[in-house]
Amino acid sequence: MARKIWVFDTTLRDGEQVPGAKLDQYEKLEVAQQLKKLGVDMIEAGFPSSSTGDFNAVKEIATKVGNTDDIIITALARAVKSDIDAVYNSVKYANNPLIHMVLGTSDIHVEKKFGKSKDQIMDIGVEAVKYAKSLLPNVQYSTEDASRSDFEYLWKTIEAVVKAGATIINVPDTVGYAEPEEFGELLFKLNDRLKNLNDTVLLSVHCHNDLGMATANTLAAIKNGADKVECTINGIGERAGNAALEEVVMAMNTRSSVYQTYTNVNTKEIMNTSKLVSSFMGLDVQVNKAITGDNAFAHSSGIHQDGLLKSRDAYEIISPLEVGLEDMELVLTARSGRHAVKNALNKLGLNEFTDIQFEEIFEDFLEMADKKKEVYNHDLYIIVENYFKESHISDNFFELVDLQVISNTSFPSASVKLKKEGQILEGSAVGSGPIDALYSAIMEISQLDIQLREYNISSVSRGKEAVGKVKIQVEFRGEKYTAKATDTDIMKASALAFINVINNIVVDHLVPAN
Ligand code: KIV
Ligand code: ZN
Numbered sequence: 001m002a003r004k005i006w007v008f009d010t011t012l013r014d015g016e017q018v019p020g021a022k023l024d025q026y027e028k029l030e031v032a033q034q035l036k037k038l039g040v041d042m043i044e045a046g047f048p049s050s051s052t053g054d055f056n057a058v059k060e061i062a063t064k065v066g067n068t069d070d071i072i073i074t075a076l077a078r079a080v081k082s083d084i085d086a087v088y089n090s091v092k093y094a095n096n097p098l099i100h101m102v103l104g105t106s107d108i109h110v111e112k113k114f115g116k117s118k119d120q121i122m123d124i125g126v127e128a129v130k131y132a133k134s135l136l137p138n139v140q141y142s143t144e145d146a147s148r149s150d151f152e153y154l155w156k157t158i159e160a161v162v163k164a165g166a167t168i169i170n171v172p173d174t175v176g177y178a179e180p181e182e183f184g185e186l187l188f189k190l191n192d193r194l195k196n197l198n199d200t201v202l203l204s205v206h207c208h209n210d211l212g213m214a215t216a217n218t219l220a221a222i223k224n225g226a227d228k229v230e231c232t233i234n235g236i237g238e239r240a241g242n243a244a245l246e247e248v249v250m251a252m253n254t255r256s257s258v259y260q261t262y263t264n265v266n267t268k269e270i271m272n273t274s275k276l277v278s279s280f281m282g283l284d285v286q287v288n289k290a291i292t293g294d295n296a297f298a299h300s301s302g303i304h305q306d307g308l309l310k311s312r313d314a315y316e317i318i319s320p321l322e323v324g325l326e327d328m329e330l331v332l333t334a335r336s337g338r339h340a341v342k343n344a345l346n347k348l349g350l351n352e353f354t355d356i357q358f359e360e361i362f363e364d365f366l367e368m369a370d371k372k373k374e375v376y377n378h379d380l381y382i383i384v385e386n387y388f389k390e391s392h393i394s395d396n397f398f399e400l401v402d403l404q405v406i407s408n409t410s411f412p413s414a415s416v417k418l419k420k421e422g423q424i425l426e427g428s429a430v431g432s433g434p435i436d437a438l439y440s441a442i443m444e445i446s447q448l449d450i451q452l453r454e455y456n457i458s459s460v461s462r463g464k465e466a467v468g469k470v471k472i473q474v475e476f477r478g479e480k481y482t483a484k485a486t487d488t489d490i491m492k493a494s495a496l497a498f499i500n501v502i503n504n505i506v507v508d509h510l511v512p513a514n
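UniProt numbering puts the sequence shown at residues 1 to 514.
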């Protein structure tokens, strides 16, 4: 029978330790609300003794997010009275509050960091648990640097703090040193002893990613009896980060026959949560990051696109819908093969040509793909209509002719010239910044009521000739549209990305049906 794994999210504590990722109280509250929607069981909301701001943020989350019985709110304390008081006084407003405390067990921590004997450290831990227990019934004890600790001392500490009242034992691989097989064995031995001592105590793991093994170590622990996992969204956290929640959860779901476990996570909220955390914390997600990276569900090579069109399971182990993405879309690039291009043309009703004509159209496609990088549906209309020397559908599309953008401290402004149906259309606008002005000017010309939801700019090469890549997402009549463009001029790339998006909307809503 499948075993429940408790998901403890520490994005707002370990994740927030990333330099520059500190959030204000309102942002933390919004992330916590989204984590609740995601279905995590426990939220570690901060480190309240570190600042009044963090104390208040934890208190706010305990009050407003912890107000139902399906979620536990906690925060971190060192094993000292003032830290424990700060946690208690901030989490006590939740329906289910938990005090989490940490104290090292490895020789390095005991001797070098604290300069004390092992017995002294253990006594401090036991006294701290007793004190926390006098305040709240639920107390988690983290044996910091557990994976580098002497096993018998680690166990002796766990035994002592459980007898003092700890209800969760967390085993951290604090420096990401563990190896999956070895970590699995450690958890197996600890679980065996712990369940014999007190089978109501949860055994938890907290893995760091210094050797890129945080997810593997967490999963090895699950296989060997761990009841609870500590993770962060997008794997953010101290140094190389923590085990990524989306990876651990999707591995359990996708390989359920291996792990025989389940969680309460609503995987359809994964992408929303990832985007919120990434934008609030200003931490971009690596494009090839498992599950939440931009390319995690993108198929670009001709061989793969051909395979997917024949049978999706050829190259897809998770449906994008499961993590809250739109259904699979094959991105047409210069590496796409004939099968993918023919399929895309067919979907647009562009299929009345001979094999020889298709070959020539495919050549035109490759030429455009080399220039534009990504080819959209409106581009396919343009390619086919240019080939047949007609302009029935492509007349509806907008083309950039010229732009002028002025950035200054008082009135950023932009003027744009677009072409449609052979006519030049001009627009100009002021905005809160140059991009706002540019997009307002384009919107004035297109007369479409579009809301910009995401704007992302990155450099795809280096030096003076660096190419800027702009990716945007907009909403039109409740539907989301995404497009990209690249250029050495970032204003031009921004305009081209917006025009690509507008033309995609035109294809879907305004082009007369074939
Ligand atoms: O990495 C670590 O050991 C921690 C503890 C506080 C659990 O973050
Ligand atoms: Zn940590």
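Note that CB positions come from ideal geometry on N, CA and C, so glycine has one too.
Legend entry - Status (buried if at least 16 other CB within 10 Å, exposed otherwise) for Leu321: Here residue 321 refers to the residue found at position 321 of the sequence shown. Exposed, since its Cβ has fewer than 16 Cβ neighbours within 10 Å.
Legend entry - Residues near ligand 1, criterion Cβ-heavy atom distance below 6 Å: Working through the chain, the matches are Asp14, Leu76, Val102, Ser142, Glu144, Asn170, Pro172, Thr174, His206, His208.
Legend entry - Whole-number beta carbon distance between Ile71 and Lys36, since they are thought to touch under 8 Å: On the sequence shown, position 36 is the one that residue 36 refers to. On the sequence shown, position 71 is the one that residue 71 refers to. Beta-carbon to beta-carbon, Lys36 and Ile71 are separated by about 6 Å, close enough to satisfy the 8 Å threshold.
Inset, instruction - Write down the C-beta distance between Gly66 and Ala57 rounded to the nearest angstrom, noting that I regard them as a contact closer than 8 Å. - result: Position 66 of the sequence shown, counted from the start, is the residue given in the question as residue 66. Position 57 of the sequence shown, counted from the start, is the residue given in the question as residue 57. That pair is no contact at about 13 Å.
Legend entry - Terminal residues of the beta strand (DSSP E) in which Gly307 lies: For the purposes of this step, residue 307 is taken as the residue at position 307 of the sequence shown. For Gly307, there is no enclosing beta strand (DSSP E); the enclosing alpha helix (DSSP H) has its first and last residue at 302-310.
Legend entry - Cβ-Cβ distance between Leu330 and Gln357 below 7 Å: Residue numbering aside, residue 330 sits at position 330 when the sequence shown is read from its first letter. Residue numbering aside, residue 357 sits at position 357 when the sequence shown is read from its first letter. Gln357 is positioned such that its CB atom lies no closer than 7 Å to that of Leu330.
Inset, instruction - With a 10 Å radius around its C-beta and 16 neighbouring C-beta atoms as the bar for buried, classify Ser311 as buried or exposed. - result: The count along the sequence shown starts at 1 and reaches residue 311 at position 311. Per the 10 Å Cβ criterion, exposed.
Legend entry - N- and C-terminal bounds of the alpha helix (DSSP H) containing His378: For the purposes of this step, residue 378 is identified with residue 378 of the sequence shown, where counting begins at 1. Note, His378: alpha helix (DSSP H), 377-387.
Legend entry - Three-pair Cβ contact test at 8 Å for the segment 218-231 versus the segment 198-207: Yes, the segment 218-231 touches the segment 198-207.
Inset, instruction - Taking Pro434 as part of the alpha helix (DSSP H), name the residues at either end of that continuous run. - result: As a working note, residue 434 is residue 434 in the sequence shown. Per DSSP, Pro434 is one residue of the alpha helix (DSSP H) stretching across 434-446.
Legend entry - Ranges of the alpha helix (DSSP H) found wholly within the segment 294-373, counting only runs of at least 4: Complete alpha helix (DSSP H) runs here, min 4: 302-310, 338-347, 355-372.
Legend entry - Secondary structure, alpha helix (DSSP H): runs of 4+ residues fully inside the segment 170-207: With a minimum length of 4 residues, the unbroken runs of alpha helix (DSSP H) contained wholly in the segment 170-207 fall at 180-197.
Legend entry - Enclosing alpha helix (DSSP H) for Met252 [first to last residue]: Taking the first residue of the sequence shown as 1, we reach residue 252 at position 252. It spans 245-254 - the alpha helix (DSSP H) in which Met252 sits, taken as one unbroken run.
Legend entry - Cβ separation of Ala441 and Val401, assumed to be a contact under 8 Å, to the nearest whole Å: In the sequence shown, counting from the first residue as 1, residue 441 sits at position 441. In the sequence shown, counting from the first residue as 1, residue 401 sits at position 401. Actually they are not in contact, since the Cβ atoms of Ala441 and Val401 sit about 13 Å apart, beyond 8 Å.
Inset, instruction - Rank Gly349, Phe353, Ser413 by C-alpha distance to the C-alpha of Ile393 and give the top, closest one. - result: Reading the sequence shown from its first residue, position 393 is the one you call residue 393. Nearest to Ile393 by C-alpha distance, out of Gly349, Phe353, Ser413, is Gly349.
Inset, instruction - List the endpoints of the continuous beta strand (DSSP E) containing Ile99. - result: Reading the sequence shown from its first residue, position 99 is the one you call residue 99. It spans 97-104 - the beta strand (DSSP E) in which Ile99 sits, taken as one unbroken run.
Legend entry - Stretch-stretch touch, CB-based, cutoff 8 Å, three pairs: the segment 173-192 with the segment 136-148: Yes, since at least three Cβ pairs between the segment 173-192 and the segment 136-148 fall closer than 8 Å, the two stretches touch.
Legend entry - Proximal residues to Thr63 (C-beta, below 6 Å), its chain only, five neighbours per side dropped: Reading the sequence shown from its first residue, position 63 is the one you call residue 63. Correct list, in chain order: Tyr93.
Inset, instruction - Let me know the alpha helix (DSSP H) ranges lying completely inside the segment 20-54, each 4 residues or longer, listed in chain order. - result: Scanning the segment 20-54 from its first residue to its last, the whole alpha helix (DSSP H) runs of 4-plus residues come out as 25-38.
Legend entry - Three-pair Cβ contact test at 8 Å for the segment 287-305 versus the segment 332-343: Taking 8 Å as the limit for Cβ pairs, the verdict is that the segment 332-343 does touch the segment 287-305.
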